[in-house]
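Asker: Here you go, one structure.
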Amino acid sequence: MSDKAILFNTTRCIACRGCQVACKQWNETDEVIPTEQNSVRSVNRGSYENPPDLSPKTWMTIKFIEKPQGDSIEWFFNRRSCMHCTEAACVEVCPSGALYHNEDGFVTYDKDKCTGCGYCEQYCPFDVPRLDTNIVTGVGKMDKCTLCTTPSLNRLSAGEEPACVNTCPTHALVFGDRDELISEAKTLVTGLQTTGSRVYPKATLYGEQELGGLHVLYVLTDSPGVYGLPENPQFPIAATLQRDVFRPLTKVVWLMVAGGLALNVLIAWFRQRQLSEENSHGND
Amino acid sequence: MEMIERYTRAARWFHWLIAIVFFEMALSGLLIFLPWVPSGTIGMWTRLIHRIGAVFLVGAPAIFMLFAWQRSWDFIKEAFTWGKEDLEWLRAAPGYYFGGDPRMMPPQGYINTGMKLYRISIILGGGVFLITGFIMTFLRGIVPPAVFQWCLVLHDVTFIVAIGMFLLHFQLGVFHPRMDESLLSMFDGKVSGVYAKSHHGKWYDGVNNRDDDNSSE
Ligand code: HEM
Numbered sequence: 004m005s006d007k008a009i010l011f012n013t014t015r016c017i018a019c020r021g022c023q024v025a026c027k028q029w030n031e032t033d034e035v036i037p038t039e040q041n042s043v044r045s046v047n048r049g050s051y052e053n054p055p056d057l058s059p060k061t062w063m064t065i066k067f068i069e070k071p072q073g074d075s076i077e078w079f080f081n082r083r084s085c086m087h088c089t090e091a092a093c094v095e096v097c098p099s100g101a102l103y104h105n106e107d108g109f110v111t112y113d114k115d116k117c118t119g120c121g122y123c124e125q126y127c128p129f130d131v132p133r134l135d136t137n138i139v140t141g142v143g144k145m146d147k148c149t150l151c152t153t154p155s156l157n158r159l160s161a162g163e164e165p166a167c168v169n170t171c172p173t174h175a176l177v178f179g180d181r182d183e184l185i186s187e188a189k190t191l192v193t194g195l196q197t198t199g200s201r202v203y204p205k206a207t208l209y210g211e212q213e214l215g216g217l218h219v220l221y222v223l224t225d226s227p228g229v230y231g232l233p234e235n236p237q238f239p240i241a242a243t244l245q246r247d248v249f250r251p252l253t254k255v256v257w258l259m260v261a262g263g264l265a266l267n268v269l270i271a272w273f274r275q276r277q278l279s280e281e282n283s284h285g286n287d
Numbered sequence: 040m041e042m043i044e045r046y047t048r049a050a051r052w053f054h055w056l057i058a059i060v061f062f063e064m065a066l067s068g069l070l071i072f073l074p075w076v077p078s079g080t081i082g083m084w085t086r087l088i089h090r091i092g093a094v095f096l097v098g099a100p101a102i103f104m105l106f107a108w109q110r111s112w113d114f115i116k117e118a119f120t121w122g123k124e125d126l127e128w129l130r131a132a133p134g135y136y137f138g139g140d141p142r143m144m145p146p147q148g149y150i151n152t153g154m155k156l157y158r159i160s161i162i163l164g165g166g167v168f169l170i171t172g173f174i175m176t177f178l179r180g181i182v183p184p185a186v187f188q189w190c191l192v193l194h195d196v197t198f199i200v201a202i203g204m205f206l207l208h209f210q211l212g213v214f215h216p217r218m219d220e221s222l223l224s225m226f227d228g229k230v231s232g233v234y235a236k237s238h239h240g241k242w243y244d245g246v247n248n249r250d251d252d253n254s255s256e
C-alpha cells in the first residue's frame, strides 16, 4: 500500500491559522486562555505567531518569519508540526513501544502505553514531541500530531482528510498519495523557478529524501533555513548506537562474560582438586 | 580456630543495603534499556522506582561517609594506592584464579589489586551514573538535546560495564572455589586465620603484629 502524505505549498498559505483551530477542535486539545477581569490576558511577543510554540495541547503552529526587504518586510509562513519521518528516531528510541508507524506511514502513538520518559522529545530532529511530565517523578505523557489517526478520533479511517487539510481555504495544504504529491510538488517547484511575475531561483521541495522521506512535503520559495527548517536533518548517532549496537550486543556480551566466569569456576575447582590430590600423595 | 574481624557491622549493613539498591536500579534500568519496559502505568512505576532507588544510592553512601568518614576515606585511598606488588598480582592472577599453585601469588594487603580495580570502577561508575542520571532527571529540556542523548549513551555504557563487573564480583564472592570464606565473611564479619594468611598475607601479618604488641603490653 502506498504511503499517504500532506503537501504544504507555502506560496498559497495566507497564515489564516484555520488549520491550527481545526486541529484543536478536532483533536479536543483546547487550551485554557488566561483571563483577567472583563478581559483576556495577552502578551505581545513581537510576532503574529500564536501560540508561540508547540505544546502537549498545540500540535501545530504556523510560523511567521519576517525578512527585511527594502523598506518593507517579506513574510515566510511555515507549518510546524510532526514531519512523520520514515526513519523516525522517536520510534526507535521509544522504550515502551508507544510510538509506531501506522499503515499509511505516519508516526502515531498509543497514549496508554506512553510512560513519559521523554526520549522522543530529546531525539526528534525537528523538536516536535511535547511532554507534561513532572520533573521530579518523571511521570507524565507525550503528545504530538497523529495526522488525525488518534483512536476514536480517527478521521482517515472514516475516509476523511486530516482536519488541517480539510479546513485550509486556499488549498495550501493537500492530502493524498505521497508519490503523486511529490510529482505535483516538483512541477510546482519548476514553475516557481522559471515562470510567473516573480521567479524564485531557490525554490525547492523539502521532505522527499530527508530522513528516508517525510510524510509532510514542503514547496518552499527559498532555502529551508529561511523557513527555520534544518537543512540536513540527521538521524541522531546516539539513537543508531542504541538501536544497532547496544541493544543487540549487550545480551551477547553479558552471556559471554557469564559463560566465561562459569568456565573459570569449573576449571579452578577441577585443578584445585588435582593439586590437593597431588599434595596428599606427596605426604604419603 | 583463630578468627579475625574483617568487616565491621556497619560495613556489612552498608554492603547489603547497596546490594539491594543496586539490584533494584539494575532491574528497573534493564526494563527500560532492553526495551522490555512494561508500558503505561506500570512503565511509569518502573521509571519512578528507578528514581526512588537513586535517592538511596546517593543517600546511603552520603550518610555512611558522614558517620564513618575515616573508613570512607581509607576506602578511596586504599583503592588508589598502587605499588610494585600490584603488577606482580596482575601477572600472577590468571594462573591463580584458574586454580594454579597459590604459592605463585605474592602476599596481599587488606585488599588485593582486583579489589582495588573493583573499587575504582564503583567510584568512577557511580560518578558517571550520578552525573548523567542527574542531568536526565532535572535538566531535560534545559540542556541541549545532544547532551541528553550522550548522557543516555554514557549511562548505557556504564550499565553494560557495571553488569559485567557485578557478574565478576558475584562469581568471586559466591562461586569461586578459592574464595570459600568470602560470602560468609560479609555476614558474620570474620575470616579464619588460615584464610587471612593465604589470601591477605600482608594484612594478616599486620594484624598479628598489632595483637602481639597488645599482648606484650
Ligand atoms: C544516581 C544514580 C542514578 C540516577 C539518578 C539515574 C537516573 C536515570 C534516569 C533519569 C534514566 C532515564 C529514564 C527515566 O527518565 O526514567 C535512567 C535510565 C537508566 N538507568 Fe539510571 N540512574 C542512576 C543509576 C543507575 C544504576 C546504578 C544503574 C544500573 C545498575 C542504572 C541503569 C539504568 C539503565 C539501564 C537505564 C536505561 C537507559 C536506556 O534507556 O537505554 N542507573 N537512569
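Read top to bottom, the protein sequences are chains E and X.
Residue numbering for the first sequence follows my numbering, starting at 4 and increasing by one per position.
Residue numbering for the second sequence follows my numbering, starting at 40 and increasing by one per position.
Note that beta-carbon positions come from the ideal geometry of N, C-alpha and C, so glycine has one too.
1) Do Thr13(E) and Tyr221(E) have their C-beta atoms closer together than 8 Å?
2) Taking the CB atoms as reference points, tell me whether Gln125(E) and Pro216(X) lie closer together than 8 Å.
3) Are the C-beta of Phe173(X) and some C-beta of chain E separated by less than 8 Å?
4) With a CB to CB cut of under 7 Å and the five nearest residues on each side skipped, what residues in its chain are close to Pro132(E)?
5) Among residues of its own chain, excluding the 5 on either side of Tyr112(E), which ones have a beta-carbon nearer than 6 Å to its beta-carbon?
6) What does the alpha-carbon distance come out to for the pair Gly199(E) and Cys19(E)?
7) Just checking my contact of Leu214(E) with Pro128(E) at CB under 8 Å: how many whole Å lie between their CB atoms?
8) With 16 other CB atoms within 10 Å as the buried threshold, where does Val255(E) fall?
9) Going by C-alpha to C-alpha distance, which of Val110(E), Val192(E), Cys120(E), Val46(E) sits closest to Thr85(X)?
10) Is Gln188(X) near the ligand HEM, going by C-beta to nearest heavy atom under 7 Å?
11) Enumerate in chain order the residues of its own chain whose CB-to-CB distance from Ser255(X) is below 6 Å, with the five nearest sequence positions on each side excluded.
12) Going along the segment 89-123 of chain X in order, which residues come within less than 7 Å of chain E, judged by CB to CB distance?
13) Does the ligand HEM have a heavy atom nearer than 7 Å to the CB of Phe173(X)?
14) Kindly list, in the order they appear in chain X, the residues whose Cβ is closer than 9 Å to that of Pro204(E).
15) Following the continuous beta strand (DSSP E) through Lys27(E), name the residue where it begins and the one where it ends.
16) Hey, would you say the C-beta of Met259(E) is under 7 Å away from at least one heavy atom of the ligand HEM?
17) Runs of 4 residues minimum, wholly inside the segment 79-133 of chain E: which ones carry the alpha helix (DSSP H) assignment?
18) Within 10 angstroms of the Cβ of Glu234(E), are there 16 or more other Cβ atoms? Answer buried if so, exposed if not.
19) Rounded to the nearest angstrom, how far is the Cβ of Glu220(X) from that of Tyr234(X), given a contact under 8 Å?
20) Apart from the five residues on each side of it in sequence, which residues of its chain come closer than 7 Å, Cβ to Cβ, to Phe173(X)?
21) In angstroms with no decimal places, state the Cα-to-Cα distance between Phe62(X) and Ile240(E).
22) Comparing alpha-carbon positions, which option in Phe53(X), Val192(X), Met144(X) lies nearest Val97(X)?
23) Going along chain E, which residues have a C-beta under 7 Å from Tyr234(X)?
24) Classify Arg276(E): buried if its beta carbon has 16 or more other beta carbons within 10 angstroms, exposed otherwise.
25) According to DSSP, which residues form a beta bridge with Asn267(E)?
26) Is Phe95(X) close to the ligand HEM? I mean its beta-carbon at under 7 Å from any heavy atom of the ligand.
27) Output the distance between the C-alpha atoms of Val46(E) and Ala25(E), rounded to the nearest integer angstrom.
28) Would Leu159(E) and Lys189(E) qualify as a contact pair, given that the criterion is a beta-carbon distance under 8 Å?
29) So with Cβ pairs under 8 Å, would you call Ala271(E) a contact of chain X?
30) Determine the chain E residues that contact Ile159(X) at a beta-carbon separation under 9 Å, and present them in chain order.
31) Let me see if you follow: with CB-CB separation under 8 Å, is Ser45(E) close to chain X or not?
32) Run through chain X and tell me which residues come within less than 8 Å of Arg274(E), C-beta to C-beta.
Answerer: Concretely, from the data shown:
1) Against a cut-off of 8 Å, the Cβ pair of Tyr221(E) and Thr13(E) comes out as a contact.
2) Contact: no.
3) So no, Phe173(X) is outside the interface.
4) Contacts found: Cys93, Cys123, Glu124, Met145, Lys147.
5) Answer for Tyr112(E): Ala101, Leu102, listed in chain order.
6) It is roughly 24 Å from the alpha-carbon of Gly199(E) to the alpha-carbon of Cys19(E).
7) About 7 Å separates the Cβ atoms of Leu214(E) and Pro128(E), confirming a contact at the 8 Å cut-off.
8) Around the beta carbon of Val255(E), fewer than 16 other beta carbons sit within 10 angstroms, so the residue counts as exposed.
9) For Thr85(X), the closest of Val110(E), Val192(E), Cys120(E), Val46(E) by C-alpha to C-alpha distance is Cys120(E).
10) In this structure, Gln188(X) has its beta carbon at no less than 7 Å from each heavy atom of the ligand HEM.
11) Because Ser255(X) sits at a pLDDT of 37, beneath the cut-off of 50, its placement in the model cannot be relied upon, and the following sentence gives the value as read from the coordinates. Excluding residues within five positions, none has a Cβ falling inside 6 Å.
12) Result list: Arg90.
13) Relative to the ligand HEM, the beta carbon of Phe173(X) is positioned inside 7 Å of a heavy atom.
14) The contacting residues do not exist; Pro204(E) stays about 34 Å from chain X at best.
15) Not the beta strand (DSSP E): Lys27(E) falls in the alpha helix (DSSP H), residues 21-30.
16) Answer for Met259(E): no, Cβ out of range of the ligand HEM.
17) The segment 79-133 of chain E contains these whole alpha helix (DSSP H) runs: 92-96, 122-126.
18) With fewer than 16 other Cβ atoms within 10 Å, it is exposed.
19) Right, their Cβ atoms sit about 4 Å apart.
20) Beyond the five residues adjoining it in sequence on each side, Phe173(X) comes within less than 7 Å, by CB distance, of no other residue in the same chain.
21) A straight line joining the alpha-carbon of Phe62(X) with that of Ile240(E) spans about 30 Å.
22) In this structure, Phe53(X) is the residue among Phe53(X), Val192(X), Met144(X) with its C-alpha nearest to the C-alpha of Val97(X).
23) Within 7 Å Cβ-Cβ: nothing; Tyr234(X) doesn't reach chain E, min ~14 Å.
24) Note on Arg276(E): under 16 other CB atoms within 10 angstroms of its CB, so exposed under the neighbour-count rule.
25) In DSSP, Asn267(E) forms no bridge with anything.
26) Every heavy atom of the ligand HEM is 7 Å or more from the Cβ of Phe95(X), so no.
27) Cα to Cα, Val46(E) sits roughly 23 Å from Ala25(E).
28) Not closer than 8 Å, so no.
29) For Ala271(E), the answer is yes, since a Cβ of chain X falls inside 8 Å of its Cβ.
30) Here the premise fails: no neighbours, minimum Cβ distance about 19 Å.
31) No, its Cβ sits nowhere closer than 8 Å to a Cβ of chain X.
32) Correct list: Phe137, Gly138, Gly139.
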